[in-house]
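Okay, so here's the structure we're looking at.
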Amino acid sequence: SDPQKRDKDITHIYVAGIPQAQAGEFKNMVSDQFTDWEAPQLPGVGAGNTFSYSMELKPTQVTTIRNQAIQQAMTTIDRRINSLGVTEPTIAEYGRAEDFELVVELPSVDDPTRVRDIIQSTALLELKLVREGPFPSREAALGAHGGILPPDTQLLPGKNQAQGGGPDNWYIVDRIAAITGRDLTGADPGTGADGAPAVNFTLTRDGGVRFSQVTGANVGRNLAVVLDNRVMDAPTIDSQIGERGIIEHLQSIQQSSDLALLLRSGALPASITTMSEAVVGPSLGADSIRHGVIAAIVGFLAIVAFMLFYYHGAGVNADVALALNLLILIAAFVFIGATLTLPGIAGIILTVGMGVDSNVLVFERIREEIRQGKAVGSAIEAGFSNAFRTILDTHVTTVVSAFILFAFGTGPIRGFAVTLTIGLLANLFTSVFVSRVIFDWLLTRREKGAELSI
Numbered sequence: 134s135d136p137q138k139r140d141k142d143i144t145h146i147y148v149a150g151i152p153q154a155q156a157g158e159f160k161n162m163v164s165d166q167f168t169d170w171e172a173p174q175l176p177g178v179g180a181g182n183t184f185s186y187s188m189e190l191k192p193t194q195v196t197t198i199r200n201q202a203i204q205q206a207m208t209t210i211d212r213r214i215n216s217l218g219v220t221e222p223t224i225a226e227y228g229r230a231e232d233f234e235l236v237v238e239l240p241s242v243d244d245p246t247r248v249r250d251i252i253q254s255t256a257l258l259e260l261k262l263v264r265e266g267p268f269p270s271r272e273a274a275l276g277a278h279g280g281i282l283p284p285d286t287q288l289l290p291g292k293n294q295a296q297g298g299g300p301d302n303w304y305i306v307d308r309i310a311a312i313t314g315r316d317l318t319g320a321d322p323g324t325g326a327d328g329a330p331a332v333n334f335t336l337t338r339d340g341g342v343r344f345s346q347v348t349g350a351n352v353g354r355n356l357a358v359v360l361d362n363r364v365m366d367a368p369t370i371d372s373q374i375g376e377r378g379i380i381e382h383l384q385s386i387q388q389s390s391d392l393a394l395l396l397r398s399g400a401l402p403a404s405i406t407t408m409s410e411a412v413v414g415p416s417l418g419a420d421s422i423r424h425g426v427i428a429a430i431v432g433f434l435a436i437v438a439f440m441l442f443y444y445h446g447a448g449v450n451a452d453v454a455l456a457l458n459l460l461i462l463i464a465a466f467v468f469i470g471a472t473l474t475l476p477g478i479a480g481i482i483l484t485v486g487m488g489v490d491s492n493v494l495v496f497e498r499i500r501e502e503i504r505q506g507k508a509v510g511s512a513i514e515a516g517f518s519n520a521f522r523t524i525l526d527t528h529v530t531t532v533v534s535a536f537i538l539f540a541f542g543t544g545p546i547r548g549f550a551v552t553l554t555i556g557l558l559a560n561l562f563t564s565v566f567v568s569r570v571i572f573d574w575l576l577t578r579r580e581k582g583a584e585l586s587i
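Numbers 134 to 587, taken from the working numbering, label the letters of the sequence shown in order.
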C-alpha cells in the first residue's frame, strides 16, 4: 500500500490509507520500530476499506526532547556569545516549561544587531549533490517536472533569493546530505581562489571518508553548499576531496568570521525567533552597583586603618601592597574589557581580605622571630620564608576552586571566578614580592640598632 502522510505538528503525524488487512501489521510495526510513539486509530473507514491513524509522540518523550533541545540551544548560544568576547552573559529558561522560551542578557554589547543575528542563526551546514539547476525561478524548476519534484529531492533557493534580494538561482538537490555540520572539527575565516572572503573547514575522519567517496564518485557534478536551507554556492567537483573544504563567494570579511564562528559552535536544534528585545541603560543597576562599590571602599578603608593600628609602621607596607593589588586588578579588568558587576565586586572584596590575610601571616612570623632574639634582617628573612608555603597553599587551593566555578558556572558565576583568580595572582605578587622589597628598602634606610615598627 501507499499510505498518505501529513505532519500535523512536531508531535503528531497523520497516516491514512492503511488497508484493513494490514492494520494489525501497521500497529505492530509502530510498537516495534517507533517505541516513543502511540498510534490510536481514528474513527471511520476511508475509501477502499482503509483506516487512518494519528501517530502521537508520548508525553514523556515530548518532555525529554524539549529538555534536550533547550539545553543544547543554551549550550550553543553560550559558545557563540563567549566566542564574541562578551563577558558574563546570562542565558536561562524563561516563562512556563511549555513556552520554549529563553532569556539572553548581554552586558556592554557594541553591535546588538550582529549579536542577535549570530544568536538566531541555526547554522545548519549541509553539502548536497545538485540533481538539476540552476533554474531562474521556482516556477521554472517545478515546471521542468510537471509541478512535482523527483523522489528524494528538494528545491532550495540561492542566497540572494532566500534573503529577499535580487534575481538568483534555484536548485534541485538531494534531500539527504552527504556531509553536515556535525562532521566538522574546525572552521576558520580565509580567502578563496579569487581573493574573496571564504571559510575553510575541516572534517572528522569518518566525515572525510564519506566526503571522499561521494566526491570521487561524482566528479563533474555540482555540489551545493547549503547553509540554513540556502544554497551559498554550487561549485563543480573537479576531483576527489578529502577532509578539507572551503565555502567561497562570501560578501565580507565580517561574514566569513561570523560564519566560521557559527560553524565552530555547532548548529541549533531548532530555529529561534526573537519575541522581544530591549536595551537596558546602566541606570537600572546603578543603585546596586553603587552600594557594592561603597561596601568595597568602606571595607578597604577599614582594613587600612586596622593594619596601621595593629602593625604600626609595617601596616603602611601592607597598605601599599594592598593598594597595588587593587590597581593590578583594575588594570586587568580594563585590559580584558570586563564589566563591573555585583559578583565581580564581591570577588574584589574577597581578594582584599585574602591579601590582608597574607600580610598578617608574614607579620606574625616576623614578630615571632624578633621575640626569639633574632636580628631584624634575619627575622624578616625567616618570616617570609616560613609563611610563603602557607600563603602559596591557600592561594593555589582557592584558584583551583575558582577554576571549578568557571568551568561549571555560567554568567555572573564565571565573572566572579575570573575576578577572584586575577586578584589572587596579583595578591601573591604584592604580598610576597612587593612587600619584601619594601622591607628590604626600609632596612637600608634604618639606623643601626633601631627597632622595626611592627
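Beta carbons: idealized from backbone N, C-alpha and C, even for Gly.
- For the options I305, I251, S534, Q253, the alpha carbon positioned closest to that of G266 is the one of I305.
- E501 and F521 have their C-alpha atoms roughly 15 Å apart.
- A direct Cα-Cα distance of roughly 11 Å separates G542 from T223.
- Contact between I251 and L394 holds: CB atoms are separated by about 7 Å, below the 8 Å threshold.
- Note: A225 is bridge-paired with V236 in the DSSP secondary-structure output.
- F549 places its beta carbon less than 9 Å from that of G480.
- Taking 8 Å as the upper bound for CB-CB distance, W303 and P290 are in contact here, some 6 Å apart.
- Between L175 and S164, the C-beta gap is not smaller than 9 Å, which leaves the two residues out of contact.
- Going by DSSP, D339 is part of the alpha helix (DSSP H) stretching over 338-350.
- A residue is called buried once 16 or more other Cβ atoms fall within 10 Å of its Cβ, and A403, having fewer, is exposed.
- Looking at the DSSP output, N355 bridges to T369.
- Contact annotation: the region 449-456 touches the region 426-441, with at least three C-beta pairs closer than 8 Å.
- Counting C-beta pairs closer than 8 Å gives fewer than three between the region 380-389 and the region 236-244, which falls short of the contact rule.
- In the DSSP assignment, T552 falls outside any beta strand (DSSP E) and within the unbroken alpha helix (DSSP H) covering 545-561.
- In this structure, A438 sits away from I587, with a CB-CB distance that is not shorter than 9 Å.
- DSSP lists L289 as the bridge partner or partners of Y304.
- Within the same chain, Cβ atoms closer than 8 Å to the Cβ of S511 are found at E502, the five residues on either side in sequence being excluded.
- Between M188 and V148, the gap from beta carbon to beta carbon is short of 9 Å.
- Excluding residues up to 5 positions away in sequence, R249, Q253 lie with their Cβ nearer than 7 Å to the Cβ of T407 in the same chain.
- In the structure shown, Q384 falls within a coil segment according to DSSP collapsed to helix, strand and coil.
- Note: T318 is not bridge-paired with any residue in the DSSP secondary-structure output.
- In the DSSP annotation of this structure, the continuous segment of the beta strand (DSSP E) that includes R264 starts and ends at 258-268.
- Collapsing the DSSP output to three states places E502 in a helix.
- Non-local beta-carbon contacts of A172 in its own chain, meaning distances under 7 Å to residues more than five positions away in sequence, involve K160, V163, Y186, M188 in chain order.
- Here E259 is buried, its C-beta having at least 16 other C-beta atoms within 10 Å.
- For the options E410, V485, A326, the alpha carbon positioned closest to that of A428 is the one of V485.
- Per DSSP, the unbroken alpha helix (DSSP H) holding P245 starts and ends at 245-253.
- In the structure shown, the three-state DSSP call for G325 is coil.
- L336 is a Cβ neighbour of L317, given a cutoff of 9 Å.
- Taking a contact as a CB-CB distance under 8 Å, the pair G375 and S345 counts as one, their CB atoms being some 5 Å apart.
- Residue environment: D371 is assigned as exposed (fewer than 16 neighbouring CB atoms within 10 Å of its CB, all protein chains considered).
- If you check the CB distance, V359 and A326 do not come in under 9 Å.
- Under the DSSP definition of a beta bridge, P330 partners with T324.
- DSSP lists N333 as the beta-bridge partner residues of I379.
- Inclusion of F517 and V493 in the CB contact set at 9 Å is not warranted, their separation being larger than that value.
- A straight line joining the alpha-carbon of G353 with that of T369 spans about 6 Å.
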